[in-house]
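Enquirer: Got a structure for you, written out below as structure tokens; questions coming shortly.
Residue numbers (the numbering used here), protein chains in the order written: chain W, 1132 to 1216; chain G, 1132 to 1216; chain E, 7 to 163; chain V, 7 to 163.
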């Protein structure tokens, strides 16, 4: 299992702030394969993570990218580009 | 007459902070001609304004240079490069 | 060395800066920046905003930015404070203070920390405007400002 | 618009910065710099220093620098305070604060004012060291810092 977190506009459009999901076969699990499984849920999820959308990902609270590998217990956060400061 | 002011290390090495001097023929008076007359005073004045010395000049409280013209009533200040801040 | 805080409360800029130099005689320059809520943005009137963040990662990201600044410049101490929650125009949002032996290092590190914070620290602003609420969009100019510091080789943003 | 002061007394950095933004909601960024007396300089131990200046010209030069900054960047308000007289290590010497709608303008103008002040405002430091007093010499690096802002076409320095 991995913990998924969603923030800001992405949280609002998905209607979800936190969930736990099972990973696919561990050797092939990456952020990209996780996102693919999320997009398969329904049109809303598909649209939120479509290639035209700007989203960012952090794994265990470090900025990551689609190629970042995942393992059970990881905390994966998805969010829009940041706008602090 | 013009008022001459000296600051910081230059004031100390000349032993003078303020004096009044007569200008030369007005149409030809510049900072350069004034400095020439000061250098003619004695060795100390000659050395203080020698070409190897770093000095700055302000005329009427504005940064100036050797070519700046002078007229009666001007306030001319000589000092080392500034070191504030 | 760095002091990083994320909090809903306002902060006292003078006191925070004072803390960077108190009982020290090796600080030659103290550069700081305070960011405030403006009453307009992108042509919208702004009545207020709410700052959301990612607890845990936020502090970690700010600390990481300070570590990177310390590796690039000769710094003595620094502070980064960022508010979260509801704010109104005129409120302080963020402050960065950097103490160094020399002014060039203090200025550069302060601006670097702000530029990195703008593109790497997980905060999001939702503005309240006369026509409703809207999430503020990231600015391309902030990415440009961050890139001028060169590659930090610590992953994408 | 600019507030320029030359004084023997210390100043309250927090209060001065606060004054730049009080009752305003158009300031997005407030950049500041505080310069302090260090306990060493050029390898000498410094026990104290005395700041001499050229009364009248000093204020005029600082005001002129602020006018130049206002012409280059979009600024809302600024303050420049410089102390004169005897100071000891740890004492504040100078502060510059610049309020603007945007952080880039505030940072640039603040650094510009400091760089110009260092080469154009008539202040001179005499340091007290274990081997006696000495006039601080101007640094070539300050001239370099000033020149990167390009020609202001306002005469030599």
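Each residue gets a CB set at the ideal place from its N, CA and C atoms; glycine is no exception.
Just to confirm my understanding: we take residue 149 of chain V, look at its own chain, exclude 5 residues before and 5 after, and list those with CB closer than 7 Å. What are they?
Expert: In the fourth chain, residue 149 of chain V corresponds to position 143, counting from 1. 125, listed in sequence order.
Enquirer: So, residue 1195 of chain G versus residue 1136 of chain G, is the Cβ gap smaller than 7 Å?
Expert: Walking along the second chain from the start, residue 1195 of chain G turns up at place 64. Walking along the second chain from the start, residue 1136 of chain G turns up at place 5. No; because the gap between Cβ atoms is not below 7 Å, this pair is not in contact.
Enquirer: Which residues in the same chain as residue 1141 of chain G place their Cβ atom closer than 7 Å to its Cβ, once the five residues preceding and following it in sequence are excluded?
Expert: Counting from one through the second chain, the residue named residue 1141 of chain G turns up at place 10. Counting only Cβ-Cβ distances below 7 Å, and skipping sequence neighbours, we find 1179, 1186, 1209, 1210 and 1211.
Enquirer: By DSSP, does residue 1176 of chain G sit in helix, in strand, or in coil?
Expert: To locate residue 1176 of chain G, count along the second chain from 1; it is residue 45. Helix at residue 1176 of chain G.
Enquirer: How many angstroms separate the CA atom of residue 85 of chain V from the CA atom of residue 1132 of chain W?
Expert: Taking the first residue of the fourth chain as 1, we reach residue 85 of chain V at position 79. Taking the first residue of the first chain as 1, we reach residue 1132 of chain W at position 1. Distance between the alpha carbons of residue 85 of chain V and residue 1132 of chain W is about 57 Å.
Enquirer: Report all residues from its chain with a CB closer than 7 Å to the CB of residue 112 of chain V; omit the five preceding and five following residues, and keep chain order.
Expert: As a first step, residue 112 of chain V is located in the fourth chain; it is residue number 106 there, counting from the start. Only 35, 36, 37, 104, 105 and 106 meet the Cβ criterion.
Enquirer: Just to confirm the assignment, what range does the alpha helix (DSSP H) spanning residue 37 of chain V have?
Expert: Numbered from 1 along the fourth chain, position 31 holds the residue referred to as residue 37 of chain V. Careful: residue 37 of chain V lies outside any alpha helix (DSSP H), inside the beta strand (DSSP E) at 35–42.
Enquirer: Taking only beta carbons into account, state which residues of the segment 21–44 of chain V come closer than 7 Å to chain E, listed in chain order.
Expert: Cβ contacts with chain E: 21, 23, 27, 30, 31, 32, 33, 34, 35, 36, 37, 38, 39, 40, 41, 42 and 44.
Enquirer: State buried or exposed for residue 16 of chain E, treating a residue as buried only when at least 16 other CB atoms are found within 10 Å of its CB.
Expert: Sequence index remark: in the third chain, residue 16 of chain E carries index 10 (1-based). Exposed, by the Cβ-count rule.
Enquirer: Per DSSP, which residues does residue 1209 of chain G bridge with? Please list them.
Expert: Translated into the one-based positions of the second chain, residue 1209 of chain G becomes position 78. Answer by DSSP bridge pairing, in chain order: G:1137 and G:1188.
Enquirer: Give the straight-line distance between the Cα atoms of residue 1 of chain E and residue 1147 of chain G, rounded to the nearest whole angstrom.
Expert: Only positions 7 to 163 of chain E appear in the structure, and residue 1 of chain E is not among them; the question remains open.
Enquirer: What residues in the segment 115–139 of chain V have a beta carbon less than 8 Å from any beta carbon of chain G?
Expert: Under the 8 Å Cβ criterion, the segment 115–139 of chain V contributes 120, 123, 124, 125, 126, 127, 128, 129, 130, 131 and 132.
Enquirer: Do you know whose CA, among V:136, V:143, V:87 and V:153, lies nearest residue 9 of chain V's CA?
Expert: Within the fourth chain, numbered from 1, the residue matching residue 9 of chain V stands at position 3. For residue 9 of chain V, the nearest C-alpha among the options comes from V:87.
Enquirer: Could you tell me the alpha carbon to alpha carbon distance between residue 72 of chain E and residue 24 of chain E, rounded to whole angstroms?
Expert: For the purposes of this step, residue 72 of chain E is taken as the residue at position 66 of the third chain. For the purposes of this step, residue 24 of chain E is taken as the residue at position 18 of the third chain. Straight-line Cα distance between these residues: approximately 19 Å.
Enquirer: If you follow the alpha helix (DSSP H) that residue 1168 of chain G is in, where does it begin and where does it stop?
Expert: Within the second chain, the letter at position 37 stands for residue 1168 of chain G. Residues 1162–1170.
Enquirer: For chain V, find out if any of its Cβ atoms is closer than 7 Å to the Cβ of residue 14 of chain E; answer yes or no.
Expert: To locate residue 14 of chain E, count along the third chain from 1; it is residue 8. Answer no: the Cβ-Cβ gap between residue 14 of chain E and chain V never drops below 7 Å.
Enquirer: Can the beta-carbon of residue 14 of chain E be found less than 7 Å from the beta-carbon of residue 64 of chain E?
Expert: Reading the third chain from its first residue, position 8 is the one you call residue 14 of chain E. Reading the third chain from its first residue, position 58 is the one you call residue 64 of chain E. No; because the gap between Cβ atoms is not below 7 Å, this pair is not in contact.
Enquirer: If you draw a straight line from the alpha carbon of residue 1181 of chain G to that of residue 99 of chain V, how long is it in whole angstroms?
Expert: To locate residue 1181 of chain G, count along the second chain from 1; it is residue 50. To locate residue 99 of chain V, count along the fourth chain from 1; it is residue 93. Each residue's Cα considered, the two are about 32 Å apart.
Enquirer: Could you tell me whether the Cβ atoms of residue 246 of chain E and residue 95 of chain V are closer together than 7 Å?
Expert: Past the boundaries of the shown model lies residue 246 of chain E; chain E is included only from 7 to 163, so the question cannot be answered.
Enquirer: Consider the C-beta atom of residue 12 of chain E and the heavy atoms of the ligand SAH; say whether any pair is separated by less than 6 Å.
Expert: Looking for the ligand SAH in the displayed structure turns up nothing, as the structure carries no ligands at all.
Enquirer: Can you give me the Cβ contacts of residue 42 of chain E inside the same chain, cut-off strictly under 7 Å, excluding the 5 residues immediately before and after it?
Expert: The count along the third chain starts at 1 and reaches residue 42 of chain E at position 36. Excluding positions up to five away in sequence, the list reads 96, 97, 98 and 99.
Enquirer: Check the DSSP bridge columns for residue 83 of chain E and list the partner residues they point to.
Expert: Numbered from 1 along the third chain, position 77 holds the residue referred to as residue 83 of chain E. Partner(s): E:105.
Enquirer: Identify each residue in the segment 43–59 of chain E for which the Cβ-Cβ distance to at least one residue of chain V is less than 9 Å, and report them in chain order.
Expert: Within the segment 43–59 of chain E, the qualifying residues are 43, 44, 45, 46, 47 and 52.
Enquirer: Count the other CB atoms, across all protein chains shown, that sit within 10 Å of the CB of residue 80 of chain E; report buried if there are 16 or more and exposed otherwise.
Expert: Taking the third chain and counting its residues from 1, the one referred to as residue 80 of chain E is at position 74. Result: exposed.
Enquirer: Between residue 1200 of chain G and residue 130 of chain V, what straight-line distance do the alpha-carbon atoms span, to the nearest angstrom?
Expert: Along the second chain, one-based indexing puts residue 1200 of chain G at 69. Along the fourth chain, one-based indexing puts residue 130 of chain V at 124. Going by the C-alpha atoms only, they are around 26 Å apart.
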